[in-house]
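One structure below.
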DNA sequence: GAATCAAGTTTATCTGACAATCTGCCAATG
DNA sequence: CATTGGCAGATTGTCAGATAAACTTGATTC
């Protein structure tokens with residue numbers, strides 16, 4: 003395989019340059035972009051081709067276009083990403099062990115921050131426990147997965163490190179598959195682990211909480227289908 | 003607020019229906035779709051509008067279009083998914099301290115992985131030291147920043163946790179402005195810290211390495227411009 | 001049988017046009 | 001004076017038609 007010759011798709015190039023433009027100018031959501039006509043002229047392409055580029059970015063909400071108003075900068079809609087990509091079979095190609103390792107790094111890494119903020123704001127612990135309580139009343143897999151995701155997201159959120167929330171949202175997309183293969187018998191184990199983690203944090207036993215969380219996340223590794231079988235195909 | 007009428011964008015609707023079509027027909031990557039003309043006719047819209055819909059899905063690789071071949075179902079381009087998080091709302095609203103905290107969590111989090119792999123592969127340490135040596139020969143800020151970024155990226159890369167590489171690349175963009183205010187007098191301090199970290203890892207003293215790295219990254223905090231002045235604007 | 005060439009298919013891009021929708025201004029109204 | 005209503009301009013949404021570029025396929029040639 004040589005260098006994978008970048009098939010010069012015009013609209014793709016333009017989409018990249020548009021993204022770069024937004025970053026370079028330091029624009030934030032709501033800020034206005036030049037009109038389609040102006041952008042097309044400045045890129046030296048037809049308005050139609052530029053339009054296809056904005057459509058690409060627009061699908062995920064990175065740019066928004068409204069008649070009469072013009073183009074504005076938006077923020078990515080992870081729900082779109084999740085919905086469009088969730089059904090796709092080849093997400094399993096993502097190396098499961100890397101995903102698990104990454105989650106462990108991020109989630110255990112925030113624990114000191116969470117513990118510190120928990121001391122000053124008791125409502126953090128309450129919210130975490132409340133979400134976990136809801137988890138006990140889940141009666142189908144979809145709901146269970148939804149709430150499990152919410153618990154872990156809330157944990158990250160409680161650290162105050164907002165960028166990590168963004169990363170977690172992306173990881174969640176790739177992780178969904180693992181979660182959906184959780185056996186019902188394992189539910190209570192997970193819920194119990196959640197509670198122990200929260201209480202350990204509450205008591206300031208950060209190392210203990212880290213160890214619980216690591217074990218909890220790594221339990222997914224047992225459900226990874228052996229990929230030896232896959233290699234045989236073609 | 004009444005119900006917020008969701009303006010139905012034609013190409014968005016078509017994109018959803020196209021996705022549904024793929025799911026319903028049970029198509030997998032490589033399978034062929036009808037031609038643009040046929041799809042446009044069956045949806046009762048112009049070829050152009052359909053094209054904008056395929057461009058939307060094409061951004062993430064869900065469908066691919068090649069001249070002469072037609073439309074085919076593609077595989078999700080994870081690079082696109084991860085790169086797009088630069089526009090995640092929670093990342094856009096992140097303040098400098100969160101960015102610094104996030105880097106500390108990620109970079110210290112990978113250290114155990116790096117140390118483990120370093121034991122099996124001596125070239126990892128060599129590459130890190132080589133990059134750091136180059137850093138000493140930097141004679142202007144641009145080059146210094148470039149090499150500093152490369153060192154930290156290499157550190158993450160050495161952990162083998164590929165998702166984190168994508169995340170740090172995004173963080174780098176947001177971090178650049180801190181780096182660019184580094185005084186020349188501080189350069190050698192940073193280079194020295196890099197070396198100490200690598201050596202600590204080499205000797206398996208992970209906690210020491212973590213502490214050095216934390217201090218090193220948090221040194222950026224001193225250069226944060228007080229944001230009281232900013233609030234006054236506008 | 002393998003390589004070469006030509007015709008057909010399909011997407012890529014452009015030009016030009018009109019419709020739909022929003023913004024901002026200004027006059028009419030109470 | 002404040003509110004409403006409407007008009008003009010600006011901007012995106014959609015369409016039709018045409019040409020170029022890239023690929024596929026099958027026939028031809030050696």
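Residue numbers (the numbering used here), protein chains in the order written: chain A, 3 to 236; chain W, 3 to 236. Glycine included, each C-beta is placed from N, C-alpha and C at the ideal position. Note that this is a predicted model, so its numbers are computed, not measured.
The alpha carbon of residue 93 of chain W has as its nearest neighbour, out of A:134, A:98 and A:166, the alpha carbon of A:166.
Residue contact with chain W for residue 25 of chain A: present (Cβ-Cβ distance below 9 angstroms to some residue of chain W). Residue 32 of chain A sits close to residue 75 of chain A, with the two beta carbons spaced by under 9 angstroms. The beta-carbon distance between residue 55 of chain W and residue 17 of chain W, rounded to whole angstroms, is 4 angstroms. This is short enough to meet the 8 angstroms contact definition. Below the 8 angstroms Cβ cutoff, chain W contributes 89, 90, 91 and 94 as neighbours of residue 77 of chain A, in chain order.
In this structure, A:22 is the residue among A:22, A:144, A:123 and A:134 with its C-alpha nearest to the C-alpha of residue 88 of chain W. When beta bridges are read from the DSSP output, residue 72 of chain A appears opposite A:68.
Annotation: the continuous alpha helix (DSSP H) that includes residue 45 of chain A extends over 38 to 45.
Residues 98, 99 and 102 of the same chain have their beta carbon placed closer than 8 angstroms to that of residue 223 of chain A, with the five preceding and five following residues left out of the count. Collapsing the DSSP output to three states places residue 179 of chain W in a helix. For the pair residue 65 of chain W and residue 130 of chain W, the CB atoms are not nearer than the 9 angstroms cut-off.
Looking at the DSSP output, residue 34 of chain W sits in a beta bridge with W:74. What residue 54 of chain W touches in chain A, judged by beta-carbon distance under 8 angstroms, is 53, 54 and 57, going in chain order.
At a cut-off of 9 angstroms between beta carbons, residue 46 of chain A makes no contact with chain W.
Inter-residue distance for residue 43 of chain A and residue 49 of chain A is about 8 angstroms (C-alpha atoms, whole angstroms). For residue 104 of chain A, the nearest CB of chain W lies under 9 angstroms from its own CB, placing it at the interface with that chain. The three-state reading of DSSP puts residue 161 of chain A in coil, since its state is none of H, G, I, E or B. The stretch 108 to 120 of chain W and the stretch 211 to 220 of chain W touch, with three or more beta-carbon pairs separated by less than 8 angstroms.
For residue 121 of chain W, the uninterrupted alpha helix (DSSP H) segment begins and ends at 98 to 122. By the criterion of a C-beta distance shorter than 7 angstroms, residue 13 of chain A is surrounded in its chain by 51, 54, 55 and 58, once the five residues flanking it on both sides are discounted. The Cβ-Cβ distance between residue 117 of chain W and residue 203 of chain W falls below 9 angstroms.
The closest CA to that of residue 140 of chain A, considering only A:199, A:84, A:38 and A:193, is found on A:193. For residue 16 of chain A, no Cβ of chain W is located within less than 9 angstroms of the residue's own Cβ. The alpha-carbon of residue 149 of chain A is positioned some 11 angstroms away from that of residue 132 of chain A. When the alpha-carbon of residue 70 of chain W is set against those of W:85, W:77, W:37 and W:138, the nearest one is in W:37. Here residue 205 of chain W carries a coil assignment [DSSP, helix/strand/coil].
Taking all protein chains in view, the Cβ of residue 206 of chain A is surrounded by fewer than 16 other Cβ atoms within 10 Å, so the residue is classified as exposed. The Cβ neighbour count for residue 175 of chain A, taken over all protein chains shown within 10 Å, is at least 16; the residue is labelled buried.
Looking at the backbone, the Cα of residue 169 of chain W and that of residue 160 of chain W are separated by about 15 angstroms.
Rounded to the nearest angstrom, the Cβ distance from residue 72 of chain A to residue 35 of chain A is 7 angstroms, consistent with a contact under 8 angstroms. Residue 115 of chain A reaches chain W at 103 and 107, counting residues in chain order whose Cβ is nearer than 9 angstroms.
Across the structure, residue 105 of chain A and residue 201 of chain A are spaced so that their CA atoms are roughly 21 angstroms apart. Residue 97 of chain A reaches chain W at 164, counting residues in chain order whose Cβ is nearer than 8 angstroms.
Residue 82 of chain A is a Cβ neighbour of residue 63 of chain A, given a cutoff of 9 angstroms.
Annotation for residue 120 of chain A: 126, 127, 203 and 204 place their beta carbon closer than 7 angstroms to its own, counting only its chain and skipping 5 residues before and after.
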